[in-house]
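Q: This note's numbering puts the first residue of the sequence shown at 467, with every later residue one more than the last.
Beta carbons: idealized from backbone N, C-alpha and C, even for Gly.
Since the model is a prediction, treat every value here as computed from it, not as a measurement.
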Amino acid sequence: MPIYFLDQKELPTHYYNIIPDLPEPLSPPLNPKTKKPVTPEDLSPIFPAELIKQEMSPERFIEIPGPVREAYKLFRPSPLIRAKRLEKELNTPAKIYYKYEGVSPSGSHKTNTALAQAYYNKQAGVKRLATETGAGQWGSALSFACDYFGLDCSVYMVRVSFDQKPYRKTMMKIYGADCVASPSEKTETGKKLLKENPDSPGSLGMAIAEAVEDAATHADTNYSLGSVLNHVLLHQTVIGQEAKKQMEMAGDYPDIVIGCHGGGSNFAGLAFPFLADKLSGKKPNLRAIAAEPKSCPTLTKGKYEYDYGDSVGLTPYLLMYTLGHEFMPPPIHAGGLRYHGASPIVSQLVKKKVVEAVALEQKGVFEAAVRFARNQGIVPAPESAHAIKAVFDEAEKCRKSGESKTILFNLSGHGHFDMSAYEQYLKGEIK
Ligand SMILES: *Cc1c(COP(=O)(O)O)cnc(C)c1O
467 MPIYFLDQKE LPTHYYNIIP DLPEPLSPPL NPKTKKPVTP EDLSPIFPAE
517 LIKQEMSPER FIEIPGPVRE AYKLFRPSPL IRAKRLEKEL NTPAKIYYKY
567 EGVSPSGSHK TNTALAQAYY NKQAGVKRLA TETGAGQWGS ALSFACDYFG
617 LDCSVYMVRV SFDQKPYRKT MMKIYGADCV ASPSEKTETG KKLLKENPDS
667 PGSLGMAIAE AVEDAATHAD TNYSLGSVLN HVLLHQTVIG QEAKKQMEMA
717 GDYPDIVIGC HGGGSNFAGL AFPFLADKLS GKKPNLRAIA AEPKSCPTLT
767 KGKYEYDYGD SVGLTPYLLM YTLGHEFMPP PIHAGGLRYH GASPIVSQLV
817 KKKVVEAVAL EQKGVFEAAV RFARNQGIVP APESAHAIKA VFDEAEKCRK
867 SGESKTILFN LSGHGHFDMS AYEQYLKGEI K
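(1) Check the C-beta distance from P846 over to I854 and give it rounded, since I have them as a contact under 8 Å.
(2) What are the start and end residues of the alpha helix (DSSP H) that includes V824?
(3) Should N732 be counted as a contact of ligand 1 given a C-beta to heavy atom distance under 7 Å?
(4) From T536 to P664, what does the alpha carbon distance come to, in whole angstroms?
(5) Which residues does DSSP pair with P846 in a beta bridge?
(6) Note down, in chain order, each residue of its chain lying with its Cβ closer than 8 Å to the Cβ of D508, except the 5 sequence neighbours on either side.
(7) Would you say the beta carbon of K576 is closer than 7 Å to some non-hydrogen atom of ligand 1?
(8) For a test of your reading of the model: does the CB of L509 fall under 7 Å from any non-hydrogen atom of ligand 1? Yes or no.
(9) Beta-carbon within less than 7 Å of A582's beta-carbon, same chain only, minus the 5 sequence neighbours each way: which residues are those?
(10) I need the boundaries of the alpha helix (DSSP H) containing A734, first residue and last residue.
(11) Taking only the alpha-carbon atoms, compute the straight-line gap between N483 and F527 and give it to the nearest angstrom.
(12) Are the stretch 489-505 and the stretch 669-677 touching, with three or more C-beta to C-beta distances below 8 Å?
(13) Where A596 and P649 are concerned, what is the direct C-alpha to C-alpha distance, given to the nearest angstrom?
(14) Is H799 near ligand 1, going by C-beta to nearest heavy atom under 7 Å?
(15) Below 8 Å, can you find three or more Cβ-Cβ pairs linking the stretch 810-826 to the stretch 756-774?
(16) For E758, which of helix, strand or coil comes out of DSSP?
(17) Skipping 5 residues on each side, what residues in its chain have a beta carbon closer than 7 Å to that of E555?
(18) Once you ignore the five residues that flank H575 on each side, which residues in its own chain have a CB closer than 8 Å to its CB?
(19) Compare the Cα-Cα distances from P468 to each of D680, G768, L552 and report the closest residue.
(20) H882: beta carbon under 7 Å from a heavy atom of ligand 1?
(21) Under the three-state reduction of DSSP, which class applies to R804: helix, strand or coil?
(22) Helix or strand or just coil, what does DSSP make of I484?
(23) So, using beta-carbon positions, are V831 and H806 closer together than 8 Å?
(24) Hey, would you say S870 sits closer than 8 Å to K561, going by beta carbons?
(25) Please indicate yes or no: does the CB of L546 lie closer than 7 Å to some heavy atom of ligand 1?
Encoded structure:
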């Protein structure tokens, strides 16, 4: 089974910024109060200058700082695998490749942006980062990155996940971070939410509001977001740039690129460097598919309009696909995909039909995950399993049509902290 490894010398030197290559200019984020375009001054209480610059940068390539590249060498370049055994089992003429991001210290692609964000904040003299986490992958990644660059870290973890996945909290504690269940008593927002509903299960939107408030009310503290924003997607493009070189080693180029979609970062990280070829006209037929859960169908059922990134309206007003900032997603197991909004960049690409989106049922996703684990040995994160299910569906189309398409997907993380979800699936309790 071929695995394509790159030498560490071949680690990308720059992030790829898709903004200058988009079909039309991005609509600016608006100030939540005035509804005028946000200014750098609006964002400076919570983000360092360099990240604010990256958020709207017109530069196609942005250099990766030396210390961040050094940190990436702990686990990058990540492997790209041709899943021949899987092709055989699926009896498909399709060729299936995957980029495996589960090799990162916290177990998912999120470490790629966590390290960059911690570094830029450290450079700006910040002492502590506040953030939210849903399933815990982002909280773990940022805890590790803060520890690596010498920052304190406070994580607001959505209450349901805090109770369902206690070991993610332990992992954050190992890295020296402070993790509380959200809504919490630590912020005015949290207190208000608890007063309205003392048993609130929390949501990503609520936890974001708490973390933003924490950062805005403490001079030495900034806020950090694990997905959605342009600079986060930017940092993830190391994935796709490596994958392009690895596909070249394999003598191949994808017809279809697939990633699961929560806020858009792992999908973008793999797909954008390939989509550059589509947008420039070099690969006009390349398809890119974002796979989301049917229970939180942001891209397939949401409205394309301005909305807040959090549940109470503290964050900038963004033009994106959204289910509404008050949408309460059902407690599905792929916690990392329970978000009401989506990245403005991915949203525009879906709107312009450059990117396709599919919504998948939870049960079929777990079936695909278990089948993949038995075939390839890797137990995927339930989030990543949405990409796997989308791959199976495309491979099945190839089986029927006899076409030998090349499919590349992002295996964004492992599922070692998701055993209770798998346990429920194996007991037949997942609907
Ligand atoms: C957080 C997470 C996701 C979803 O977030 P995106 O920003 O859409 O990538 C997907 N997979 C894993 C493993 C995650 O941790």
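A: According to the data block:
(1) The residue you call residue 846 lines up with position 380 of the sequence shown. The residue you call residue 854 lines up with position 388 of the sequence shown. In this structure, P846 and I854 form a Cβ contact; the two beta carbons are roughly 6 Å apart against a cut-off of 8 Å.
(2) As a position in the sequence shown, residue 824 is number 358, starting the count at 1. Counting along the chain, V824 sits inside no alpha helix (DSSP H); it lies in the beta strand (DSSP E) bounded by residues 822-826.
(3) Within the sequence shown, the letter at position 266 stands for residue 732. With a threshold of 7 Å, the Cβ atom of N732 counts as near ligand 1, since some heavy atom of the ligand is closer than that.
(4) For the purposes of this step, residue 536 is identified with residue 70 of the sequence shown, where counting begins at 1. For the purposes of this step, residue 664 is identified with residue 198 of the sequence shown, where counting begins at 1. In the sequence as presented, Thr is not what sits at residue 536; that position holds Glu. Straight-line spacing of the CA atoms in E536 and P664 works out to 45 Å.
(5) Position 380 of the sequence shown holds residue 846. Per DSSP, H880.
(6) Translated into the one-based positions of the sequence shown, residue 508 becomes position 42. Around D508: N497, P782.
(7) As a working mapping, residue 576 is identified with position 110 in the sequence shown. Answer for K576: yes, Cβ within range of ligand 1.
(8) Taking the first residue of the sequence shown as position 1, residue 509 is located at position 43. L509: no, Cβ never under 7 Å from ligand 1.
(9) Position 116 of the sequence shown, counted from the start, is the residue given in the question as residue 582. Contacts found: V534, H701.
(10) For the purposes of this step, residue 734 is taken as residue 268 along the sequence shown, with counting starting at 1. Its alpha helix (DSSP H) spans residues 731-745.
(11) In the sequence shown, the residue the question calls residue 483 occupies position 17. In the sequence shown, the residue the question calls residue 527 occupies position 61. Taken atom to atom, the span from the alpha-carbon of N483 to that of F527 is near 6 Å.
(12) Using a Cβ-Cβ distance cut-off of 8 Å, the stretch 489-505 and the stretch 669-677 are not in contact, since fewer than three pairs of beta carbons, one from each stretch, lie closer than that value.
(13) Taking the sequence shown and counting its residues from 1, one reaches residue 596 at position 130. Taking the sequence shown and counting its residues from 1, one reaches residue 649 at position 183. A596 and P649: Cα-Cα distance of roughly 14 Å.
(14) Along the sequence shown, read from residue 1 onward, the residue named residue 799 stands at position 333. No, Cβ of H799 sits at least 7 Å from all heavy atoms of ligand 1.
(15) Using a Cβ-Cβ distance cut-off of 8 Å, the stretch 810-826 and the stretch 756-774 are in contact, since at least three pairs of beta carbons, one from each stretch, lie closer than that value.
(16) Residue numbering aside, residue 758 sits at position 292 when the sequence shown is read from its first letter. The answer is strand: DSSP assigns E758 an E or B state.
(17) Position 89 of the sequence shown, counted from the start, is the residue given in the question as residue 555. So the qualifying residues of the chain are N841.
(18) For the purposes of this step, residue 575 is taken as the residue at position 109 of the sequence shown. Apart from sequence neighbours up to five positions away, the residues of its chain that approach H575 with a beta-carbon distance below 8 Å are E567, Q702, I705, S731, N732, G735, N876, S878, G879, ordered along the chain.
(19) Residue 468 sits at position 2 when you count from the first residue of the sequence shown. Just measuring C-alpha positions, the residue of D680, G768, L552 sitting nearest P468 is L552.
(20) For this step, residue 882 is matched to residue 416 along the sequence shown. In this structure, H882 has its beta carbon at no less than 7 Å from each heavy atom of ligand 1.
(21) Within the sequence shown, residue 804 is the residue found at index 338, counting from 1. It is coil, neither helix nor strand.
(22) Locating residue 484 in the sequence shown gives position 18, where the first residue counts as 1. Reduced to three states, the DSSP call for I484 is coil.
(23) Looking up residue 831 in the sequence shown gives position 365. Looking up residue 806 in the sequence shown gives position 340. Against a cut-off of 8 Å, the Cβ pair of H806 and V831 comes out as no contact.
(24) Start at 1 with the first residue of the sequence shown, and residue 870 comes out as number 404. Start at 1 with the first residue of the sequence shown, and residue 561 comes out as number 95. Cβ distance < 8 Å, so S870 and K561 count as in contact.
(25) By one-based count along the sequence shown, residue 546 stands at place 80. Proximity of the beta carbon of L546 to ligand 1 is not indicated: no heavy atom of the ligand is located closer than 7 Å.
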